[in-house]
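Each remark here refers to the structure printed beneath this line.
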Amino acid sequence: MKKIVLNILKLTLLMSIVFSCKKDEELPDEAKVRAVAWSISEEHKDTLEININNYISFMDLSQGTLFHQWEITDNLHFLSGDFTASEEDYTPFIDNAKGSKTEDITVHVLFEEAGYQKVRLYNTYDRKVKHNGLSRQLEAVPHETETGIWVIDTAFTVDVYADLAPAFYVLKNGVDTLCVVGAEDVIDGSDDSDWATVNLVAGEDKLTFVDTTTVGRPTEREWNLSWLGESSKQRIFEVTPMKIGWGRAGNLTTIRQGSSGRINQNIAKTIPLNLNVKAPEIHPQYEVYKDGMLIFAFNEGDEIPTNTDQWTKVDLKINEKLTFVDKTIRGLTDSREWTLNNAELPVYTDESSEVTYPEILDYFEAGTFTAIRSGGDFEKATAQVKIPLMIKVDEALLKTSDLKENSAKKITFETSIPVASIGSNAANSFKVHIKNLSGHDAASSISNVEVDPSNNKKLVLTVGEQTYNSDQIFISYDGNGDIRSATGNVLDAFDTEQVEMYITSTNEFENLEMIDFELEGLNAQDAFANGWWVDNSVVDGRLWRRTTDKASKGNASMSLIIEDRATQGASQLFSIHNIHAGKPLDNGMKNPAGDYEFTFDIYIPEGVEFTSGLETNFQDLSNGGDDKQFLTPDLSDVEKGKWVTVTQHITFDKNGNRRQVFFGIDTPVPSTGRLEFYIDNIVVRAIELRP
């Protein structure tokens, strides 16, 4: 609607300026003012813009005219009468008597047809005149037939915007057309009696809403699917319903935003569809693997034979594993149960469950698989199917535990069944390799293989040289050692494994929660971890941060994130041991001099290159300025995207009184790019150093 009062004020002001001059009849002819001027009730620009069924006021303020006339085309109308900005319909004010031409100074032109329209102003003068406006410049031209008459003949272009007319169509699963609504269609949102009802399955069927609106030149739109709780501004909007029940689809609001608020418009149109959404049926699917190989798959639509003779037979050795994997897609399931006969556990619930069979048994039915939807926005439901496998478990002699060093410095491991005999050359079938932080890296051997006297399901290996708990010992077995059970089963080969060393020493740090960043701090100065302190000698260097996003032990770790390592200076993080000064922080060690193993866990995200530049240092300032150790671990072999333990050897020459650990970044490699890593589980413990 027009802001008529404002427009009239504008026109009146301009008229007062013009008529404040002396009347023309009081001046001699050569002194009379001749000018071209006008006023419009819209923003002045080359092309005026307006919504359809609205009007624009034009006032001719020209002076010294001989003749003046406004002219419009047949599809436009002049308005007259006492109309206001609150009018919904201007047709009662159309002045048909004026026709298409008028000599009125001020005219109000109604635009009832979309597109580009013209309003003509025709003035004549007895002298040549010019108009130098901001948006246009005009110069009078001689009249074609009358000598001495000059003509200004101009037209105002008006771009009339049609009312927005939303149009759209809706598809089901990208194929079935549910409805097509055109620009001309009028939808009665209060009566849905003749609307189509669309039957849908929650979580499975997809609705696609496509905006095809062109009438009214829309600039954007918004889909409002209030019952489904979905909305979007995209032209094509895809929705998979995730609630059950009955409701209306919603509506499409078509929007036009113009350079001025005069043409802005929002028009909503109801989507004439009722939605009937049902909970999905559960269709169990699963796979079974042996030694990483798929041996059986059950898919939707498969039928299970009633005769078990037609089932797949699976032969296992005792304690051998099968892996059952839930592959259910349909039914919005969130849990499952594997109910398995003669397995180590009666029921397994993991999506991928490794299952061991500990007893020797002839063929038996594997069990059942139940896919479960626990509820939430949908009713609870389950679907159970059999696992058509007939499983047989035979005796087998297998290694069933990790390799471990005992207090006598011998290596032990457990077997699936008792060992009855050991071949005379069994020791030669084991391969041994020993590494040490001291630099030792060489092959070794096994000098003796025996059965543990107190447990005939455990083998004991004697290494053919002196070992130290700082060693990393790796052992494999080729299966040719003639190690047998009483029934003749031969011990299976196993690949290289690292021995778990027998170390009784404990972590030397006094406060294990504090050293592992479990205690929350105050601010950036302590890296938000109680017991720590960040060096503030570097501008913007306090980038160490305690985080609970990742942890290899407990709930928290320490992170360092540098957006551009090329511009970031050194940054150091210190543990604080100030209890000697009567303060409460004991984040350090009072360990005696000697050899120690220093380990910490590090997590480097995938995509981050970081091979070196991390410093892992120690100092005890109570022993003077020379009690400092500097370590630079090699990170080039650290696997990305997982926690990896870094091991270092360190020798302390003096007893510690308040020994601190500190981490530093000075010259990272590579030296450019983003840097991100996490540290946790810091341990220092005494070891036997290999000479």
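First residue of the sequence shown: -10, per the working numbering; consecutive thereafter. Don't be surprised by glycine CBs; every beta carbon is placed ideally from N, CA and C.
With respect to the alpha helix (DSSP H) encompassing residue i, which residues constitute its N-terminal and C-terminal limits?
i    : result
I504 : 501 to 504
For residue i, which residues from the same chain have a beta carbon less than 8 Å from its beta carbon, with the 5 sequence-adjacent residues on both sides left out?
i    : result
P594 : K629, G630, E665, F666
K119 : V25, Q126, L127, E128, A129
R224 : V199, D200, R210
D383 : D304, L305, K306, I307, I349
Any chance the CB of residue i is under 7 Å from a heavy atom of the ligand MG?
i    : result
E598 : This structure does not include the ligand MG; it has no bound ligands of any sort.
The beta strand (DSSP E) with residue i in it runs from where to where?
i    : result
M681 : Within the shown structure, residues of the chain are numbered from -10 to 680, placing residue 681 beyond reach of any answer.
F82  : It is not in any beta strand (DSSP E) - F82 carries neither H nor E in the DSSP assignment.
Q557 : Neither: Q557 is in no beta strand (DSSP E) and is coded neither H nor E.
A86  : Careful: A86 lies outside any beta strand (DSSP E) and carries neither H nor E.
Y150 : 139 to 150
P657 : 649 to 658
M282 : 282 to 287
T600 : No beta strand (DSSP E) contains T600, which DSSP labels as neither H nor E.
I668 : 664 to 675
F313 : 310 to 315
H57  : 56 to 61
D351 : 350 to 362
P261 : 254 to 267
R210 : 209 to 214
L386 : That residue, L386, is in no beta strand (DSSP E); it is neither H nor E in DSSP.
Y105 : 104 to 114
Compare the Cα-Cα distances from residue i to each of the options and report the closest residue.
i    : options                : result
S75  : N43, F100, P407, R206  : N43
F389 : Y346, N544, K381       : Note on identity: in this sequence residue 389 is Thr, with Phe being the wrong assignment. When only C-alpha atoms are compared, the closest one is Y346.
Y457 : K424, I244, L50, K579  : K424
F589 : A144, G218, V650       : V650
G571 : R647, F599, N112, G583 : R647
L262 : T186, S249, D291       : T186
A416 : V452, D148, L562       : V452
G281 : G205, V108, S341       : S341
Y111 : I284, L620, I94, Y105  : I94
L682 : D655, T317, H638       : Residue 682 lies beyond the residue range present for the chain, which begins at -10 and ends at 680; the question has no answer from this structure.
E101 : N85, W59, W139, V149   : V149
F563 : I671, N580, S625       : I671
T476 : L450, W327, A286, A385 : A385
Can you list, in chain order, the residues of its chain whose CB lies under 6 Å from that of residue i, leaving out five sequence neighbours each side?
i    : result
G510 : F517, A518, N519
G178 : T259
V597 : E665
K420 : S465
L99  : Y44, H66, L68, Y79
Q487 : F463
I550 : E665
Q561 : D524, F651, G653
K446 : E403, T404, P407
H97  : Y44, S46, L68
Which residues in the same chain as residue i place their Cβ atom closer than 7 Å to its Cβ, once the five residues preceding and following it in sequence are excluded?
i    : result
K87  : F67
E502 : L508
E133 : none
E135 : none
T495 : R674
By the 10 Å Cβ neighbour count, where 16 or more other Cβ atoms means buried, how is residue i classified, buried or exposed?
i    : result
I361 : buried
V170 : buried
M48  : buried
D391 : exposed
S436 : exposed
V408 : buried
S5   : Note on S5: pLDDT 37, under 50, position unreliable in the model; no value is reported.
P657 : buried
I668 : buried
N500 : buried
A20  : Confidence is the limiting factor: at A20 the pLDDT is only 42, short of 50, which leaves the residue's position unreliable, though a coordinate-based value still follows. So A20 counts as exposed.
N414 : exposed
S459 : buried
Q106 : buried
I61  : buried
P694 : The requested residue 694 does not occur in the structure, where the chain is confined to residues -10 to 680.
Under 8 Å between C-beta atoms, does residue i make it to chain B?
i    : result
F100 : Absent here is chain B; the protein component of the structure consists of one chain.
The stretch 256 to 272 in contact with the stretch 177 to 196 per 3-pair CB rule at 8 Å: yes
Meets three-Cβ-pair contact criterion under 8 Å: the stretch 315 to 331 and the stretch 297 to 307: no
Touch test, the stretch 107 to 118 against the stretch 161 to 175, Cβ-Cβ under 8 Å, three pairs minimum: no
Touching by the beta-carbon criterion (3+ pairs, under 8 Å), the stretch 430 to 445 and the stretch 362 to 374: no
Inter-stretch contact at 8 Å, needing at least 3 Cβ pairs: the stretch 248 to 256 / the stretch 213 to 233: Judged by pairs of C-beta atoms under 8 Å, the stretch 248 to 256 does not touch the stretch 213 to 233, as fewer than three such pairs exist.
Given 8 Å, three or more beta-carbon pairs between the stretch 312 to 327 and the stretch 395 to 405: no
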